[in-house]
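Q: Chains as they are written, first to last, in this note's numbering: chain A, 1 to 113; chain B, 1 to 187.
1. Let me know if residue 62 of chain B comes out buried or exposed under the rule of 16 or more other beta-carbons within 10 Å of its beta-carbon.
2. Is the stretch 24-37 of chain A touching the stretch 91-105 of chain B, taking contact as three or more C-beta pairs under 8 Å?
3. Can you tell me which of the three DSSP states residue 113 of chain B falls into?
4. Along chain B, in chain order, which residues have C-beta atoms closer than 8 Å to that of residue 47 of chain A?
5. For a test of the three-state rule: what should DSSP assign to residue 32 of chain A, helix, strand or coil?
6. Can you pull the chain A neighbours of residue 116 of chain B, defined as C-beta to C-beta under 7 Å?
7. At the level of alpha carbons, what is the spacing between residue 50 of chain A and residue 49 of chain B?
8. Just to confirm, is the Cβ distance from residue 119 of chain A to residue 42 of chain A under 7 Å?
9. Please state whether DSSP places residue 100 of chain B in a helix, a strand or coil.
10. Taking the alpha helix (DSSP H) that residue 68 of chain B falls in, what are its first and last residues?
11. Going along chain A in order, which residues have a C-beta closer than 7 Å to the C-beta of residue 106 of chain B?
12. Along the chain, where does the alpha helix (DSSP H) containing residue 45 of chain A start, and where does it finish?
13. Could you tell me how far apart the beta carbons of residue 38 of chain B and residue 70 of chain B are, in whole angstroms, since I believe they sit closer than 8 Å?
14. In terms of residue numbering, what span does the beta strand (DSSP E) encompassing residue 7 of chain A cover?
15. How close, in whole Å, do the beta carbons of residue 79 of chain A and residue 59 of chain A come, if the pair is a contact with beta carbons under 8 Å?
16. Are the C-beta of residue 56 of chain B and some C-beta of chain A separated by less than 7 Å?
17. Sort B:112, B:105 and B:172 by Cα distance to residue 17 of chain B and report the nearest one.
18. Does any residue of chain B have a CB that is nearer than 7 Å to the CB of residue 10 of chain A?
19. Do the stretch 53-72 of chain A and the stretch 126-140 of chain B make contact, defined as three or more Cβ pairs closer than 8 Å?
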């Protein structure tokens, strides 16, 4: 599981989107763009490659398409392993952020003296 | 269908798999001149003329996509705004979307997935190299009469053909490796 870390931005956003609820490729692309305020746009090739990798590693799984919706679009859901990887990544990022913020504050403090 | 009596025009160019971005560039330039790619082969390509539109073309390399898998793949790209144009040899797939000034839409938006694409290509090249080598040895063993009776008419030319193919594939492998290295240096 640890060998998946650090996650690429594409992997990270896919898992975040699916953590909330199962979705299809199109939904993942749109949600990612919305969540990142338009900064992260996952290209079709990158998304397709990432979905296949995540499926192979067991971080996500196929999800039955609800009745009455467009059955053409394959749906995906996060697995328990996927949730664990995502949680581990968030913890790792928190540590990075904390260290980084601390360093910036210390430097600013010195500048004032 | 925009026009029922679409006239296909031919243009020829040999695009090397390890340099497929050059192929894309060529298609995009022609589209800017009103010639839009429809179907391609190893060298010969068909185009439709229409001065009123312009497209951005992208090529993708995917192996073993048939039936439902292929549909699923094409649907995802379509959802992302890419119109499927055609395929060549079951592995090269051509997509396009309407050209927008100042935009350069890409299929691959991070280094990791691009490295994976290059590795897929490299894998095929390596397999072809091994197959090529096996065929060469099988031919040398089985057709030894060619080498004794027709050494200069068949044996040597055949050998040169195999070795050139081997060298070309090896060159491709090396070129792709350079690309992977360049991408990895930026990680």
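Quick reminder that beta carbons are idealized off the backbone N, C-alpha and C, glycines included.
A: Answer, in terms of the structure:
1. buried
2. no
3. helix
4. Correct list: 76 and 80.
5. helix
6. Per Cβ cutoff of 7 Å: 49.
7. Distance between residue 50 of chain A and residue 49 of chain B, taken at the CA atoms: about 36 Å.
8. Because chain A spans 1 through 113 in this model, residue 119 of chain A falls outside it and cannot be assessed.
9. coil
10. Looking at the DSSP string, the run of the alpha helix (DSSP H) that includes residue 68 of chain B is 67-79.
11. Result: 43.
12. Judged by DSSP secondary structure, residue 45 of chain A falls within the alpha helix (DSSP H) whose first and last residues are 44-56.
13. That belief does not hold up - the Cβ atoms of residue 38 of chain B and residue 70 of chain B are roughly 19 Å apart, past 8 Å.
14. Segment: none, residue 7 of chain A is in no beta strand (DSSP E) and carries neither H nor E.
15. 6 Å
16. no
17. B:172
18. yes
19. no
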